[in-house]
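Residues in the sequence shown are numbered consecutively from 3, following my numbering. For glycine and all other residues, C-beta sits at the position ideal for the given N, C-alpha and C. Since the structure is predicted, the reported quantities are computational estimates derived from the model, not experimental observations. Below is one structure, written out as structure tokens; comments come after it.
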Amino acid sequence: MWKNRSFYVAVDMAAILLAYILALLVRYGALSSISWLAVIWIPFLVIVLAYFLVAFFHQPSEEFLKRNYTEELKVVLYRNFYMMLFLALLIFSARVSAYISRLFFGLFFLYSCLLMYLFRMILKSILLILIG
3 MWKNRSFYVA
13 VDMAAILLAY
23 ILALLVRYGA
33 LSSISWLAVI
43 WIPFLVIVLA
53 YFLVAFFHQP
63 SEEFLKRNYT
73 EELKVVLYRN
83 FYMMLFLALL
93 IFSARVSAYI
103 SRLFFGLFFL
113 YSCLLMYLFR
123 MILKSILLIL
133 IG
């Protein structure tokens, strides 16, 4: 069960969702309008698509439980960097860059890296306790 990658993707999705909400809150202050809440989920779905594309094309050579902390950090940074690169290319090619805040983009990258690494380390410690 622990070799199932979909289990780890669920943890990454939780980190991405939390990073997205935190970046929105920091950039825009509050998520008060219901109609505005419906609109912000469309970019989130694009972010999820970008993550799945990067995760599909980049599979680390070592198993999750066998990687040390620095190797895991490299994997997290690699995935987030290429996810953001893909999103920047998509935003530029769709010509919607005027509608997206650079501050939000940078905050999302920072929060996504930190939270994904933190969630993976928590998951790894829980799995090592359960297995070992």
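Counting along the chain, Ile133 sits inside the alpha helix (DSSP H) bounded by residues Arg104 to Ile133. Distance check between Ile44 and each of Arg97, Tyr22 and Leu132 places Tyr22 closest, using alpha-carbon atoms only. C-alpha of Val50 to C-alpha of Met15: approximately 7 angstroms in a straight line. Judged by DSSP in its simplified three-state form, Glu73 adopts helix. Ranked by how close their Cα comes to the Cα of Ile124, the residues Ser103, Tyr53, Phe66 and Leu47 have Phe66 in first place. Shown here for Leu109: same chain residues with a beta carbon closer than 7 angstroms to its own, the five before and five after excluded, namely Ala25, Val28 and Arg29 in chain order.
Comparing alpha-carbon positions, the option among Glu64, Arg81 and Ile133 lying closest to Tyr119 turns out to be Arg81. Residues Arg29 of the same chain have their beta carbon placed closer than 7 angstroms to that of Ser103, with the five preceding and five following residues left out of the count. Distance between Tyr84 and Lys68, taken at the CA atoms: about 23 angstroms. Cβ contact annotation for Leu112 (same chain, cutoff 6 angstroms, sequence separation greater than five): none. Looking at the backbone, the Cα of Ser114 and that of Ile42 are separated by about 17 angstroms. Here Phe106 is not near Val56, since their CB atoms are 8 angstroms or more apart.
No Cβ-Cβ contact shorter than 8 angstroms links Ala17 with Phe94.
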